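Residue numbers (the numbering used here): 820 to 880. Think of the CB as a built atom: it goes at the ideal place given N, C-alpha and C, for glycine as much as any other residue. Bear in mind the structure is a predicted one, so any value in this text is a computation, not a measurement.
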Amino acid sequence: MNSMEKKELRKEIFQELPSELKPYLLPLLILMVFFIFISIQDETKIEILIERVINIQTDVS
820 MNSMEKKELR KEIFQELPSE LKPYLLPLLI LMVFFIFISI QDETKIEILI
870 ERVINIQTDV S
């Protein structure tokens, strides 16, 4: 299967999805990547990441 066939298949799958789900696909993908990232890191890196997120949130508010 070449890349053009794969692209066509992705388009077909995307078009068959209910239109209500389409706005949620990107955030869902981001969350999945985030959780995969967390699962491969050790605890100290996760804690540092959480602290940075909290700091960013407090800076914004």
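Determine the DSSP secondary structure at residue 838, reduced to helix, strand or coil.
If DSSP states are grouped into helix, strand and coil, residue 838 belongs with coil.
CA-CA distance, residue 869 and residue 863?
Each residue's Cα considered, the two are about 10 Å apart.
Roughly how many angstroms separate the alpha carbons of residue 823 and residue 832, rounded to a whole number?
Approximately 14 Å between the Cα atoms of the pair.
In this structure, does DSSP put residue 859 in helix, strand or coil?
Here residue 859 sits in coil by DSSP.
Can you give the beta carbon distance from residue 865 to residue 875, rounded, assuming they're within the 8 Å contact cut?
The pair is not a contact, with the Cβ atoms about 16 Å apart (cut-off 8 Å).
Does the distance from the CB of residue 844 to the CB of residue 836 come in under 9 Å?
Yes, the pair counts as a contact, with Cβ atoms nearer than the cut-off.
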